[in-house]
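The sequence shown: position 170 = 172 (our numbering), numbered continuously. Backbone N, C-alpha and C fix where the C-beta goes; we use that ideal spot for every residue, glycine too. Here is the structure we will look at, set down as structure tokens.
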Amino acid sequence: MFAFLRNNIAGIVIGIVVAVLIALGVAYGVICSGVISPCADEPIPPLERWAAKTSLRAYLKTHTPQTTNPLKADSVADLKAGATLYVNNCAFCHGYANNSTSKTANGLYRRPPVIAKEDWSEDADGLVYWFIDKGVKLTGMPSYGKTLSEKEIWQIVLFIKNMRKLPPEVKQQWAEAAEHPLIQQ
Ligand code: HEC
3 MFAFLRNNIA
13 GIVIGIVVAV
23 LIALGVAYGV
33 ICSGVISPCA
43 DEPIPPLERW
53 AAKTSLRAYL
63 KTHTPQTTNP
73 LKADSVADLK
83 AGATLYVNNC
93 AFCHGYANNS
103 TSKTANGLYR
113 RPPVIAKEDW
123 SEDADGLVYW
133 FIDKGVKLTG
143 MPSYGKTLSE
153 KEIWQIVLFI
163 KNMRKLPPEV
173 KQQWAEAAEH
183 PLIQQ
């Protein structure tokens, strides 16, 4: 076996290089041929969905910040600020208090999860912060790391994690925001 490999090493290397070049040529041909659909109104193929989810999960395993929110859940001012930031930047994709979203959200290839439907209280602060700070490539989820301050991101995290147990004045602000002109029921 090893003698065969030693005697034929040049042929084997050339064979591998040719196979790789053919594979690259086929991939290039497929990309340039126009058979890959760019249409956002199609269902996501299962293989694409699996690859995106699996690689995101694997990345997050080693990259999720372990930080905890420096802001406290009893700070009404921070919860109010978080609610305002969420309504202005996130709700038209991720849902208002009545779980409705916008036409924009409903037309995205990857439909944004309706955050308001879920209970986020048990999720790690750092994980929620990471999504807002970094965003997710090619999904519609923007990165806010350069457009919001750290404090503003923590205020949004505080609001999301406490959505189900808001003090009355913040609850009212959140409920009233659902009367938004962008909403599609
Ligand atoms: C234009 C639409 C859009 C906007 C605006 C948007 N997001 Fe997203 N967001 C998405 C999409 C799409 C995903 C799913 C990404 C994926 O496939 O992993 C997502 C994912 C997330 C997740 C992870 C949810 C989960 O279940 O894994 C969080 C948390 C999140 N967004 C928070 C926010 C916050 C907070 C804002 C506002 C500061 C925001 N997003 C603004 C589209 C949006």
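Any non-hydrogen atom of the ligand HEC within 6 angstroms of residue i CB
| i | result |
| --- | --- |
| Met-143 | yes |
| Pro-115 | yes |
| Tyr-146 | yes |
| Arg-112 | yes |
| Val-130 | yes |
| Phe-161 | no |
| Phe-133 | yes |
| Asn-2 | An answer regarding residue 2 cannot be provided, because it is not within the stretch 3 to 187 covered by the chain. |
| Val-89 | no |
| Ile-158 | yes |
Inter-residue CB distance, residue i and residue j (contact presumed, cutoff 8 angstroms)
| i | j | result |
| --- | --- | --- |
| Thr-70 | Asp-121 | About 18 angstroms; that fails the 8 angstroms criterion. |
| Thr-103 | Phe-94 | 7 angstroms |
| Val-78 | Val-172 | 6 angstroms |
| Tyr-61 | Ala-179 | Tyr-61 to Ala-179, Cβ: 32 angstroms. No contact. |
| Pro-67 | Tyr-146 | Wrong, their Cβ atoms sit about 15 angstroms apart, outside the cutoff. |
Cβ-Cβ distance between residue i and residue j below 7 angstroms
| i | j | result |
| --- | --- | --- |
| Leu-73 | Leu-129 | no |
| Ala-110 | Gly-142 | Inspection of the sequence shows that residue 110 is occupied by Leu rather than by Ala. Contact flag set, yes. |
| Ile-158 | Tyr-88 | yes |
| Lys-119 | Asn-101 | yes |
| Asp-135 | Ile-155 | yes |
| Pro-115 | Ala-107 | no |
Endpoints, alpha helix (DSSP H) assigned at residue i
| i | result |
| --- | --- |
| Cys-34 | 11-35 |
| Asp-80 | 78-91 |
| Glu-152 | 152-163 |
| Pro-170 | 170-178 |
Coil, strand or helix - residue i by DSSP
| i | result |
| --- | --- |
| Ser-57 | helix |
| Thr-70 | coil |
| Val-116 | coil |
| Thr-103 | strand |
| Ile-134 | helix |
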